[in-house]
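When you read off a place in the sequence shown, starting at 1, and then add 183, the result is the number in this note's numbering.
Only one structure is covered here, and it is reproduced in the block below.
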Amino acid sequence: MRKLRTLDVWDTLLRRRCHPDNSKKASARILLLRLFDHLKPEFQDQNRIFRERCAIEGEEARRDGDGEYIHSDVMTVLITRILNNASDINIPDVSDEITEYEIQFEINNTYPDPHIVDFIKKYPAEKTIFLSDFYMPATDLKRLLNHHGLTSIVNEGISSCDTGLNKRSGRLFSYVHSQYNITPEEHVHIGDNIHSDVMMPRALGLEGVHFMPSDEHEKRQKFEEIFHGKCNVIQHISEKIQESADPFLVDISMQKQSAYRLGLNSAPLLIGFVTYIAEQSLKDNIEKLYFFTREGEFYINIWKHLFPDNTLFGQRLPQTDVLEVSRLSTFCASLREVSTAEMMRVWNLYSTQSIFSLFKTLGIDPEISRNLCRKYNIIPENDIIYPWQDKRVQELFGDSEFVKIIQSSIDEKKYNLLSYLSQKGLTQETSRIGIVDIGWRGTIQDNISFLFPNTKIFGYYLGLQMFLNPQPENCQKSSFGPDANKSRSNIHLLDAVSLIEMLCNSPSGSVLGYHLDRHGRMISGRLVDQDENQVFYDFVSYFQEAVLFAARLWSDNIETHVISSDDLHDYACVIWKNLVQDTDADLLNAYHSLSHNEIFGMGQFINKSDVPSFREMISTLFSKTERYKFIQFIIQNQLISSFKKRRDIGWTYKIFLIGIIKMALQYKHFRNFLRIINAEK
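Next up, the structure:
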């Protein structure tokens, strides 16, 4: 029996669930999220910080003969180098925080090698210690070994960073022989590295034993491929999730299976979005994060599955809550005056509107307007093109009785809305909040921003259409997906947003307004449409259930593989494109059954299965009214794939409709392009 047996730590005693450098990438991510506002512009990028750390490790290693360095020294140099002003930050505290995080990262992403205990029995010795070439001290390695219950095998050891000597040069073995007063012949070393753990020990006269079980080595090679981009980590994780879900799918119907599989396949789109929200909320240093109904009810569930302890890479995320709001419940309350100029906030979105639809948009009984409309020769049900230019409408807004009706409603709705928001913790003293919604222009955020002019409100969206209204000064918006205000990249994904809205919807109904309950609390009133909800229960609920299932499994992988929203972005856009351009047949059937709420602006629900007849289309050449109806149909129905697969429309008419929609989309994109160009001038 030999006097001493030394064991390598990494890929011998302990195995990682990821690439070894992932802990360094995770630390770079923390520095980005924690210090974003203090970083030099060139270091406001996770990969740039990681590369700088690697460069500093090289610099520090060259100071020593064996190329060793100490983790804390590297972190101090790195943090100092990436900051705009080093005096703004307590660098030792941040360095200690990062060091502790990396230890926790290793604890969470390692496990004992399943073969090592039996393997070392072949090489008995009087004493066993660990011997590791590593940039953290032996005390930290002992924490890892203790956590995994390996101290019964080895409870002490040496790390190269403690001595400045390593196995690679052979000098650490000589140091061990001196420290333990043994000869090389009395020493056996076991490890995975063919040079450091086998060839070098043998060259020094001790026995070097190669330990590389094939099953564990294959896992390590897979992580190498993922890290170096030879294997798509997102695809890898998605496939694992699909395999995990297969047993559940056996017991549900084919239609439900279709919805569930669609949810599994689409999960990276929504995982990416919610990850983006978390990242931005840390960078923007917000106090609280509000998820807007209705889609926000789904997003906050994803958030809770993705961040069960409400942290991202060790950073505490803001507290979250659902805010029961809608365009309808917030618009009237946010009006600053009763005038055609103020109404442009809605007319810029809906340039043709009847007075009845306007009153519905304001949440006021439209019948109240009938007598006043008669006074100015207005038929309240009839649509008016460019109402702000219509002399009758101008006179109506100059009528004191009309103004009084609207102002009374504004005052009441504003009081109720502010009371409700106060219950949710949003008051005039609130400094910075974040809001989450699906998109597409952030009208609800605008409305709330007008009510809280001293509160900085950050909006996080899946996608953003071109803004048509001036933006409040205290309002900032960004999106995970396409933003037509900043770039033309992927803006075609915004052509058919109602399909995405359907998939992210909730069955709890749209918020109409607020009223006191019997306990004196301000609560929301909701409009629940059973036809709309039937689609949810038959299809959408299974889609969302699958996304939440995937989110639970993505939760660990985001940190383990250091996945950011940027990493998911391009993959997510491909998913989005497939949803709207190569739409699944079962998804289309659900979509055609949809009754879409367009009370705000249009004053009614829109049936997505309705298509104007060929005769009605021809009449647009002669009738201004029919022409307007057809234009509204085109605006509401831009999902070209839905027409391609419909069997109730003749081929000739189908081709014509698709051609018209394509021309309309090209015109819209051209106008948006001109707006971007003009905005940049």
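Built from N, CA and C at the ideal position, the CB exists for glycine as well.
Values in this document were obtained by computation on a predicted structure and should not be read as measured data.
- Task: Output yes or no for whether 8 Å exceeds the beta carbon distance between E285 and S397.
- Result: Their beta carbons are not under 8 Å apart, which means E285 does not touch S397 by this criterion.
(message) By the DSSP assignment, the alpha helix (DSSP H) with P451 in it spans what residues?
(response) Element bounds for P451: M437 to K466.
Where does P563 sit, in a helix, a strand or coil, going by DSSP? Of the three classes helix, strand and coil, the one that applies to P563 here is coil, per DSSP.
- Query: Within 10 angstroms of its Cβ, does A768 collect 16 or more other Cβ (buried), or is it exposed?
  - Reply: Classification of A768: exposed, given that the 10 Å Cβ count is below 16.
Where M437 falls, given that 16 or more other Cβ within 10 Å makes a residue buried
It is exposed - the Cβ of M437 has fewer than 16 other Cβ atoms within 10 Å.
Please check the pair S923 and L710, which I expect to be a contact at CB under 8 Å, by giving their CB distance rounded to whole angstroms. As displayed, the chain neither begins before 184 nor continues past 864, which places residue 923 out of reach and without an answer.
Self-check item: Whether R528 touches N637 by CB criterion (8 Å)
Solution: No, the pair does not count as a contact, with Cβ atoms beyond the cut-off.
Query - Cα-Cα separation, D750 to E578 - result: Taken atom to atom, the span from the alpha-carbon of D750 to that of E578 is near 55 Å.
query: Are the Cβ atoms of F288 and A238 separated by less than 8 Å?
result: Annotated as distal: F288 and A238, with beta-carbon spacing of 8 Å or more.
So is I460 buried or exposed if we call it buried at 16+ other beta carbons inside 10 Å? With 16 or more neighbouring CB atoms inside 10 Å of its own CB, I460 falls in the buried class.
Margin query: I'd like to know if the segment 253-264 and the segment 297-304 are in contact, where contact means that at least 3 CB-CB pairs between them fall below 8 Å.
Written below: No contact exists between the segment 253-264 and the segment 297-304.
inquiry  = Report the start-end ranges of each alpha helix (DSSP H) in the segment 191-249 that is 4 residues or longer and not cut off at the edges.
reply    = The segment 191-249 contains these whole alpha helix (DSSP H) runs: 205-218 and 229-244.
| request: Return the Cβ separation of A516 and K607 in integer angstroms, given the expectation that the two are a contact with Cβ distance under 8 Å. | output: Rounded, the Cβ-Cβ distance is 15 Å, inconsistent with contact.
Can you tell me whether I253 is helix, strand or coil according to DSSP? The answer is coil: DSSP assigns I253 none of H, G, I, E or B.
For this session: Compute the distance between the beta-carbons of T386 and R185, then report whether it is under 8 Å.
Result: Contrary to the premise, residue 386 reads as Ala rather than Thr in this sequence. Their beta carbons are not under 8 Å apart, which means A386 does not touch R185 by this criterion.
With a 10 Å radius around its C-beta and 16 neighbouring C-beta atoms as the bar for buried, classify K845 as buried or exposed. Looking at its Cβ environment, which holds fewer than 16 other Cβ atoms inside 10 Å, K845 is exposed.
Q: Take N716 and list the residues in its own chain whose beta-carbon comes closer than 7 Å to its own, dropping the five residues that flank it on each side.
A: Excluding sequence neighbours, N716 sits near P690.
Taking the straight line between their C-alpha atoms, what separation do you get for E525 and F514? Between the C-alpha atoms of E525 and F514 there is a straight-line separation of about 11 Å.
| query | Using CA coordinates, which residue listed in D700, E470, L645 and F650 is at the minimum distance from P451? | reply | The shortest Cα separation from P451 among D700, E470, L645 and F650 belongs to L645.
What is the DSSP secondary structure of Y697, counted as helix, strand or coil? In this structure, Y697 counts as strand in the three-state DSSP scheme.
In its own chain, which residues sit with a C-beta less than 7 Å from the C-beta of P491, not counting the 5 before and 5 after it? Closer than 7 Å at the Cβ level, and outside the excluded window around P491, lie S738.
| message | So for F722, helix, strand or coil by DSSP? | response | DSSP places F722 in helix when its eight states are reduced to three.
(request) Determine the contact status of S867 and S315, defining contact as a CB-CB distance below 8 Å. (result) Because residue 867 is not part of the residues shown, which for the chain are 184 to 864, the question remains open.
With a threshold of 7 Å on Cβ separation, who are the neighbours of P570 within its own chain once the five nearest residues in sequence on each side are excluded? Only W530, Q536 and V576 meet the Cβ criterion.
*Return yes when the Cβ of H488 is within less than 8 Å of the Cβ of R735, no when it is not.*
For R735 and H488, yes; Cβs fall inside 8 Å.
- prompt: In chain order, which continuous runs of the beta strand (DSSP E) of length 3 or greater are located wholly inside the segment 598-686?
  reply: Correct list: 615-620, 639-644 and 658-662.
Using a threshold of 8 Å, state whether the C-beta atoms of P275 and L333 are closer than that.
Going by C-beta atoms, P275 is not nearer than 8 Å to L333.
(Q) Taking its Cβ as the centre, do 16 or more other Cβ atoms sit within 10 Å of E478, making it buried, or is it exposed? (A) With 16 or more other CB atoms across the displayed protein chains lying within 10 angstroms of its CB, E478 is buried.
Supposed contact pair L445 and L770 - C-beta distance, whole angstroms, cut 8 Å
With a Cβ gap of about 6 Å, L770 and L445 count as contacting.
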